[in-house]
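Engineer: Going from the sequence shown to the working numbering is simple: count from 1 and add 28.
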Amino acid sequence: MAKKNFSGGLGSLLQKTTEKAEQEKEQNSNQAEEATNSTERRTTLIIREDYLDKINAIAYWDRTLIKDQVNAAFAAYIKQYEMENGEIKVAPPKKK
Numbered sequence: 029m030a031k032k033n034f035s036g037g038l039g040s041l042l043q044k045t046t047e048k049a050e051q052e053k054e055q056n057s058n059q060a061e062e063a064t065n066s067t068e069r070r071t072t073l074i075i076r077e078d079y080l081d082k083i084n085a086i087a088y089w090d091r092t093l094i095k096d097q098v099n100a101a102f103a104a105y106i107k108q109y110e111m112e113n114g115e116i117k118v119a120p121p122k123k124k
């Protein structure tokens, strides 16, 4: 059996951990960029906590992404709105 080499010490261990964390952070960033295509845009919403909990649960049990569940909900809402009110006209741009 070979002896373990502990000569690197804690500093060596921390350096490897930091390097690994940086690599994972960069990989996650690249994945997020790839996942967002040209027809998607990031935004921030304020949503009731109970709705968010239920959307998270649905996404978990359906093994889908939360954004896919939200997009499906928006699509259903828009379809229903258009059936009741006709085509949705694009809002004019905001004046600065």
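Virtual Cβ for every residue (Gly too), placed ideally from N, Cα, C.
Owing to the predicted nature of the structure, the values given are computational and were not obtained by experimental measurement.
Check whether the region 94-108 and the region 69-84 are in contact - that is, three or more C-beta pairs closer than 8 Å.
Structural biologist: Yes, they touch.
Engineer: Could you tell me the distance, in whole angstroms, from the CA atom of Ala49 to the CA atom of Gln55?
Structural biologist: Within the sequence shown, residue 49 is the residue found at index 21, counting from 1. Within the sequence shown, residue 55 is the residue found at index 27, counting from 1. Answer to the nearest angstrom: the Cα atoms are 10 Å apart.
Engineer: So, helix, strand or coil for Ala103, using DSSP?
Structural biologist: The residue labelled residue 103 in the question sits at position 75 within the sequence shown. Here Ala103 sits in helix by DSSP.
Engineer: In three-state terms, what does DSSP make of Ala119?
Structural biologist: Reading the sequence shown from its first residue, position 91 is the one you call residue 119. DSSP places Ala119 in coil when its eight states are reduced to three.
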